[in-house]
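Chemist: The structure under discussion is supplied below as structure tokens; questions concerning it will follow.
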Amino acid sequence: MTRIGVVVFPGSNCDRDTLAGVELAGGEAVALWHEQASLEGVSAVILPGGFAYGDYLRAGVIARFSPIMRAVSAFAADGGLVLGICNGFQVIAEAGLVPGALLRNRGLRFLGRDVHIATDRVDTPFTSMVEAGRPLRMPIAHGEGCYFADPATLDELERDGQVLFRYVTSAGATVADGDAAANPNGSLRAIAGVLNAAGNVAGLMPHPERASERVLGSDDGLAILRSFVDAASRASQSGPATDAAALAGAGAAS
Amino acid sequence: MTLAEPIAATVSSASVPLHRTLGLTDGELDAIRDRLGRDPNDLELAMFSVMWSEHCSYKSSRPLLRTLPTAGAGVVAGPGENAGVVSIGDGLAVAFKVESHNHPSSVEPYQGAATGVGGILRDIFTMGARPIAVLDALRFGDPAAARTRHLVDGVVRGVGGYGNCVGVPTVGGELVFDPSYGGNPLVNVMAIGLLEERHLTRAAAPGPGNVAILFGSATGRDGIGGASVLASATFGEDDPAKRPSVQVGDPFAEKLLIEASLELIEGGLVEGLQDLGAAGITCAASETADRAGTGMAIDLGAIPRREPGMEPFEVMISESQERMLAIVRPERVAAVAAVCERWGLPWASIGLVTADGDVTVSDAGRELARIPAAALTSNAIVHDRLAAPPARRRAAPAPGAPEAAGDQLPERGMDPGAVLLALVGSPNLASRRPVFEQYDSTVGTATVAGPGHGAAVLRVRGTTKALVATTDANATVGAFDPWLGAALSVAEATRNVSITGARPLGVTNCLNFGDPTRPEAFWQLSEAVRGLGDACRAMGLPVTGGNVSLFNESASGAILPTPEIGVVGLLDDVATLVGPAFVQAGDQIVLVGEAGPGLAGSEYARLAGSASEDGPPALDLATEVALQAFIREAISRRLVASAQDVSGGGLAVALAEAAMWGDLGAHVRIPIASSPAVDLFGESPSRIVLSAGPQASAGVLALAREHDLPAELIGTVGGDRLVIELAGAGATGAAEERGSGVADSIDVSLADLRHTWDHGLSRSLGWDR
Chain W
0 MTRIGVVVFP GSNCDRDTLA GVELAGGEAV ALWHEQASLE GVSAVILPGG FAYGDYLRAG
60 VIARFSPIMR AVSAFAADGG LVLGICNGFQ VIAEAGLVPG ALLRNRGLRF LGRDVHIATD
120 RVDTPFTSMV EAGRPLRMPI AHGEGCYFAD PATLDELERD GQVLFRYVTS AGATVADGDA
180 AANPNGSLRA IAGVLNAAGN VAGLMPHPER ASERVLGSDD GLAILRSFVD AASRASQSGP
240 ATDAAALAGA GAAS
Chain R
0 MTLAEPIAAT VSSASVPLHR TLGLTDGELD AIRDRLGRDP NDLELAMFSV MWSEHCSYKS
60 SRPLLRTLPT AGAGVVAGPG ENAGVVSIGD GLAVAFKVES HNHPSSVEPY QGAATGVGGI
120 LRDIFTMGAR PIAVLDALRF GDPAAARTRH LVDGVVRGVG GYGNCVGVPT VGGELVFDPS
180 YGGNPLVNVM AIGLLEERHL TRAAAPGPGN VAILFGSATG RDGIGGASVL ASATFGEDDP
240 AKRPSVQVGD PFAEKLLIEA SLELIEGGLV EGLQDLGAAG ITCAASETAD RAGTGMAIDL
300 GAIPRREPGM EPFEVMISES QERMLAIVRP ERVAAVAAVC ERWGLPWASI GLVTADGDVT
360 VSDAGRELAR IPAAALTSNA IVHDRLAAPP ARRRAAPAPG APEAAGDQLP ERGMDPGAVL
420 LALVGSPNLA SRRPVFEQYD STVGTATVAG PGHGAAVLRV RGTTKALVAT TDANATVGAF
480 DPWLGAALSV AEATRNVSIT GARPLGVTNC LNFGDPTRPE AFWQLSEAVR GLGDACRAMG
540 LPVTGGNVSL FNESASGAIL PTPEIGVVGL LDDVATLVGP AFVQAGDQIV LVGEAGPGLA
600 GSEYARLAGS ASEDGPPALD LATEVALQAF IREAISRRLV ASAQDVSGGG LAVALAEAAM
660 WGDLGAHVRI PIASSPAVDL FGESPSRIVL SAGPQASAGV LALAREHDLP AELIGTVGGD
720 RLVIELAGAG ATGAAEERGS GVADSIDVSL ADLRHTWDHG LSRSLGWDR
């Protein structure tokens, strides 16, 4: 079975949920402690939600300096698949693995609620099993989730297909940045998740692992985790991590 | 060096005897002398003052609490432990408890509420349980008042700031506004944890020779005298000066503490575990020793501190947060240290368990204090307080309410639909979304039903089971009749669990009352405890733990007597879960139970003013028991599509909620027995409005008859409007005048209801501007 690493920082609080989500998606979940410098040969890595090191200063700003993040950065640079969820997205944005930054929510309050997101691309290692055109319902729970980048970067992201998810209405309609009902944190261009340029690192603020079972109200998130496990399994079968980059690159080009 | 000087310099003003400065009476000082056989020194006096505070000793309430039923099927740990624990089968058990942090939250709302969450979470994981949910029951004054808005904002941010960070979902609770809480808000927090029964851990210090290890945050000067200065005295004008007595929370440290503590327990490394809360090290040392019949020798110098120059009494009574005391066999100290260090938590061996039954404090070999552990805890002073009912029971209308009798409303020409909309948008009944959206309610991937629509439901991973939890308190009726208020609180909380199909397992409570030295306030407390006990005995439910918060008074008066009730229930198969919302157009609507007179204490009375001669509704416990047995059986037989209890705002609001939440209208016709106001908006207990498929409704009615319960088919689910027709002799209204024999109907669109309900709270708090 494909081994997927889930990084555990002190203060991570979605690590257990994410480990369980990976198992539901058919992967073998492996917890990776923040002090370790090795990824133990996992096929892909998830950085879960939480408040790494307390996040008293700014979300993700301390976590990026942890020993495990050096390994994750090297793994990503080598084409390895990395997914950051919520705090994990904040950490990889701070580490420069994906473009942009997560600012405090527009209303300056923590927000825990369900959102709907549209998948801009279903040809990536993170979305290959997502049904095109169908909005996905899953929870957000964050204080700093307002996606920000300068206009030139945003234009580049749009042009290069690096916008992965956007907040939309429940019917799937696109919304303006100021639509607080659908885009509650005020993310620019309603961006909920992005890809790096190489296509092997992605981050999103909503929690797919919390929407992976019907009993919890939605299993829309499972398609994302399944896509990720599937891509990781194909990457590990085809050899070293660089093949994952080839797979990701192929996706990005198509 | 004597201790008097530093203590006096810190907490005392000149010329008042030290014991009084510390909140002890002359009689209590005598009782301390009796137990010691000598005069206490100043350090000992400081330790007694916090341990004999109302908050720690329950010195006023203990004789009352002894009357409560505590035995029950599956109870693994009851009162006296940090939290009640009840078995749920499969080798699993649930730990739960509710606790107050009223006074700190009044002084400093953010930290007060945050540390309230932190404290109750520690009570849960101390037992070996992983915290899986928090419910917060909050009560404030007039929502239009600036101070209320400041407190609501701070408390909500504090609950969220702490709970969100530690990763425990906030899944429910209450938010109630009443002028009586204006000077003294209530912040009651309930926490629930799940454990494997074999990991149940006691807060005891067995085995002389075992090592006492303090781990977590260092000890500082925050929260000095929190238990005595804040929690056990009435508030005055100098509240800002009490801010140093409020603890400061560090949820990140708590998160590490949770993981480290559970790892220690699962590894079998500790003999006992106790969190440090009120009265700090003094409390943890004396309680763990007393529970095990041992003593503890504390080495003051070994306790890690945040700052130099702390006095011994400060170290011993500091309420610095996020600390734990573990009792460890000497050969396991290294393993315990390794776990602490892995989680980045400072630790220190601060003492040894002894056989002499005394808690001693030494510094550099010099003994500074020696007190029998029991004298601080199980043998602490108990007061026989005087209870006396008020000379005249309060029956005045709500402040500012019209004098005229209200129980005939809706009056001729008045639109009952407008009354319904006003209720649905009122501060106590409107949607709580603007508040609970600031909480993480889904972390932990167990939340089947979160805040907003009735009881919270949490699945138990690895089983088909779910836990159902709620908090309720009926304070407005309690102001008329505290026995009834408490009994109604138990009835409503258990009913909210039963209508999901779950079986209540046990009751925890937080009794928020006034100054117990006032005979009227103590009478309210004793009557409420009697009501709590009577209701729990009728339901066959154990009281597994709780908390008493007294002195909830301010310059503007005492709070309404508020018996906060927390209930956890067990649903064997989460697939059978029934919610309050209508689910299918064409389903038939059945009302089980019948309205009784008495509008006093209702939300309708708050809005309209109640008749001066009107009283609260009556409660028949046998009927309530039958009703809950009926609904659980009906649900287990799969007869029920939705079930909602009739409570705040009465039947009309219950129907409106079922309709809004299900996005399905309804058309019902209600027989008017006494007055339209009573039938539509009265809050008499023991009623459920349920929907059932056309094939199932006959079975529902038959089952109700078997349980000797009145039940009536009142309408049908469907459409996009809520239409309630009134029928019968008691009906009034323009339509009747016209001779049609049918009163004016309620006829409102779901869109109007939802708009009013959605925006009511933000509007009343000024959050919409």
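Read top to bottom, the protein sequences are chains W and R. Read in order, the letters of the first sequence are residues 0 to 253 in numbering that gives the first Met the number 0. Read in order, the letters of the second sequence are residues 0 to 768 in numbering that gives the first Met the number 0. Heads up, the beta-carbon is just placed ideally off N, CA and C, and yes, glycines get one too. All values reported here derive from a predicted model rather than from experimental measurement.
#1: Applying a beta-carbon distance threshold of less than 7 Å, which residues of chain R neighbour W/P138?
#2: When you measure from the CB of R/D619 to every non-hydrogen atom of the ligand PLP, does any distance come out below 7 Å?
#3: If the cut is a Cβ gap below 8 Å, which residues of chain W does R/K464 touch?
#4: Once you ignore the five residues that flank W/S65 on each side, which residues in its own chain have a CB closer than 7 Å to its CB?
#5: In the structure shown, what three-state DSSP assignment does R/A395 receive?
#6: Would you report the Cα separation of R/T769 and R/V84, rounded to the nearest angstrom?
#7: Could you tell me which chain R residues have their CB closer than 7 Å to the CB of W/P9, listed as they occur along the chain?
#8: Whose C-beta lies closer than 7 Å to the C-beta of R/L764 among residues of the same chain, with five residues either side of it excluded?
#9: For R/V381, which of R/S52, R/D767, R/V15 has the nearest alpha-carbon?
#10: Can you tell me where the alpha helix (DSSP H) holding R/Y161 begins and where it ends?
#11: Straight-line CA distance for R/P371 to R/P130?
#12: Relative to the C-alpha of W/H115, which residue among W/S232, W/P205, W/M0 is closest?
#13: In the structure shown, what three-state DSSP assignment does R/R460 receive?
#14: Is DSSP giving R/Q273 helix, strand or coil here?
#15: Tell me, please, which residues DSSP counts as bridged to R/K96.
#16: What do you reckon, are the CB atoms on R/T575 and R/D89 nearer than 8 Å?
#17: Report the three-state DSSP secondary structure of R/H18 (helix, strand or coil).
#18: Residues of chain W with a CB under 9 Å from the CB of R/T755: which are they?
#19: Quick check on R/P78: does DSSP put it in helix, strand or coil?
#20: Hey, out of R/L752, R/H706, R/S673, whose CA is closest to R/P773's CA?
#21: Considering only the beta carbon of each residue, do W/V44 and W/V6 sit closer than 8 Å?
#22: How would you call R/R322, buried or exposed, if buried means at least 16 neighbouring beta carbons within 10 angstroms?
#23: Interface residues of chain R around W/L110 at Cβ under 8 Å?
#24: What are the boundary residues of the alpha helix (DSSP H) that R/E724 is part of?
#25: Nearest-angstrom Cα distance between W/R209 and R/A301?
#26: When the Cα atoms are used, what is the spatial distance from W/D178 to W/T168?
#27: In whole angstroms, what is the alpha-carbon distance linking W/L110 and R/Q587?
#28: Which class does W/Y55 belong to by DSSP, given the choice of helix, strand or coil?
#29: Apply the 10 Å Cβ neighbour rule to R/G292 and answer buried if 16 or more other Cβ atoms are within range, or exposed otherwise.
#30: Excluding the five sequence neighbours on either side, which residues of its own chain have a C-beta within less than 6 Å of the C-beta of R/R686, listed in chain order?
#31: Checking contacts by CB at 8 Å: is W/N12 closer than that to chain R?
#32: Is it a yes or a no for the segment 132–144 of chain W touching the segment 431–444 of chain R, going by three-plus beta-carbon pairs under 8 Å?
#33: With R/V352 and R/N183 assumed to form a contact (beta carbons below 8 Å), what rounded beta-carbon distance in angstroms separates them?
#34: Mind listing the chain W neighbours of R/T444? Cutoff is C-beta to C-beta under 7 Å, in chain order.
#35: In chain W, what lies closer than 9 Å to R/D214 by C-beta?
#36: By how many angstroms is the C-alpha of W/F164 removed from the C-alpha of W/L156?
Modeler: In brief:
#1: Working through the first sequence from its first residue, we reach residue 138 of chain W at position 139. Near W/P138 (Cβ distances below 7 Å), the residues of chain R are T441.
#2: The model on display carries no ligand, and the ligand PLP is accordingly not part of it.
#3: Reading the second sequence from its first residue, position 465 is the one you call residue 464 of chain R. Those within 8 Å of R/K464 in chain W number zero; the least Cβ separation is about 11 Å.
#4: Here the question's residue 65 of chain W lines up with position 66 in the first sequence. The residues are F8, H33.
#5: Here the question's residue 395 of chain R lines up with position 396 in the second sequence. In this prediction, R/A395 scores a pLDDT of 48, lower than 50, which makes its location untrustworthy; the coordinate-derived value is nonetheless stated afterwards. Looking at R/A395 - three-state DSSP - the assignment turns out to be coil, as it is neither helix nor strand.
#6: Here chain R has residues from 0 to 768 only, and residue 769 of chain R is not among them.
#7: Looking up residue 9 of chain W in the first sequence gives position 10. Per Cβ cutoff of 7 Å: L255, W342, G343.
#8: Counting from 1 along the second sequence, the entry for residue 764 of chain R is found at position 765. Answer for R/L764: P142, R148, V151, listed in chain order.
#9: Against the second sequence, residue 381 of chain R aligns to sequence position 382. That would be R/S52, whose Cα lies nearest to the Cα of R/V381.
#10: Numbered from 1 along the second sequence, position 162 holds the residue referred to as residue 161 of chain R. Its alpha helix (DSSP H) spans residues 145–165.
#11: Within the second sequence, the letter at position 372 stands for residue 371 of chain R. Within the second sequence, the letter at position 131 stands for residue 130 of chain R. Looking at the two C-alpha atoms, the distance is approximately 33 Å.
#12: As a first step, residue 115 of chain W is located in the first sequence; it is residue number 116 there, counting from the start. The shortest Cα separation from W/H115 among W/S232, W/P205, W/M0 belongs to W/P205.
#13: If you number the second sequence from 1, residue 460 of chain R lands on position 461. Three-state DSSP puts R/R460 in coil, outside helix and strand.
#14: Taking the first residue of the second sequence as 1, we reach residue 273 of chain R at position 274. Note: R/Q273 maps to strand in three-state DSSP.
#15: The count along the second sequence starts at 1 and reaches residue 96 of chain R at position 97. Its beta-bridge partners are R/A190.
#16: Within the second sequence, the letter at position 576 stands for residue 575 of chain R. Within the second sequence, the letter at position 90 stands for residue 89 of chain R. No. Outside cutoff.
#17: By 1-based counting over the second sequence, the position of residue 18 of chain R is 19. Here R/H18 sits in helix by DSSP.
#18: The residue labelled residue 755 of chain R in the question sits at position 756 within the second sequence. Ordered by position in chain W, no residue passes the 9 Å Cβ test against R/T755, which lies about 18 Å from the chain.
#19: Within the second sequence, residue 78 of chain R is the residue found at index 79, counting from 1. In the structure shown, R/P78 sits in a strand (DSSP, three-state: E or B).
#20: Since the first residue of chain R shown is 0 and the last is 768, residue 773 of chain R is not available in this structure.
#21: Position 45 of the first sequence, counting from 1, holds the residue named residue 44 of chain W. Position 7 of the first sequence, counting from 1, holds the residue named residue 6 of chain W. Yes, the pair counts as a contact, with Cβ atoms nearer than the cut-off.
#22: For the purposes of this step, residue 322 of chain R is taken as residue 323 along the second sequence, with counting starting at 1. Buried, because 16 or more other Cβ atoms sit within 10 Å of the Cβ of R/R322.
#23: Along the first sequence, one-based indexing puts residue 110 of chain W at 111. The contacting residues are E436, Q437.
#24: Indexing the second sequence from 1 puts residue 724 of chain R at position 725. That residue, R/E724, is in no alpha helix (DSSP H); its beta strand (DSSP E) goes 720–726.
#25: The residue you call residue 209 of chain W lines up with position 210 of the first sequence. The residue you call residue 301 of chain R lines up with position 302 of the second sequence. Approximately 44 Å between the Cα atoms of the pair.
#26: The residue given as residue 178 of chain W occupies position 179 in the first sequence. The residue given as residue 168 of chain W occupies position 169 in the first sequence. Going from the Cα of W/D178 to the Cα of W/T168 covers about 9 Å.
#27: Residue 110 of chain W sits at position 111 when you count from the first residue of the first sequence. Residue 587 of chain R sits at position 588 when you count from the first residue of the second sequence. Straight-line Cα distance between these residues: approximately 37 Å.
#28: Residue mapping note: residue 55 of chain W aligns to position 56 of the first sequence, counting from 1. In this structure, W/Y55 counts as coil in the three-state DSSP scheme.
#29: Position 293 of the second sequence, counted from the start, is the residue given in the question as residue 292 of chain R. With fewer than 16 other Cβ atoms within 10 Å, it is exposed.
#30: Translated into the one-based positions of the second sequence, residue 686 of chain R becomes position 687. Same-chain partners within the cutoff: G592, V645.
#31: In the first sequence, the residue the question calls residue 12 of chain W occupies position 13. Taking Cβ atoms only, chain R reaches closer than 8 Å to W/N12, which makes this a yes.
#32: yes
#33: Numbered from its first residue, the second sequence carries residue 352 of chain R at position 353. Numbered from its first residue, the second sequence carries residue 183 of chain R at position 184. Not quite, the Cβ-Cβ distance comes to about 40 Å (not below 8 Å), so this is no contact.
#34: What you label residue 444 of chain R is simply residue 445 of the second sequence in a count that begins at 1. Going along chain W in sequence order, the residues near R/T444 (Cβ under 7 Å) are D16, A19, E208, R209, L215.
#35: In the second sequence, residue 214 of chain R corresponds to position 215, counting from 1. Before going further, note that residue 214 of chain R is Phe rather than Asp in the sequence given. The premise fails here: R/F214 is roughly 14 Å from chain W at the closest Cβ pair, so nothing lies under 9 Å.
#36: Along the first sequence, one-based indexing puts residue 156 of chain W at 157. Along the first sequence, one-based indexing puts residue 164 of chain W at 165. One C-alpha to the other measures close to 12 Å.
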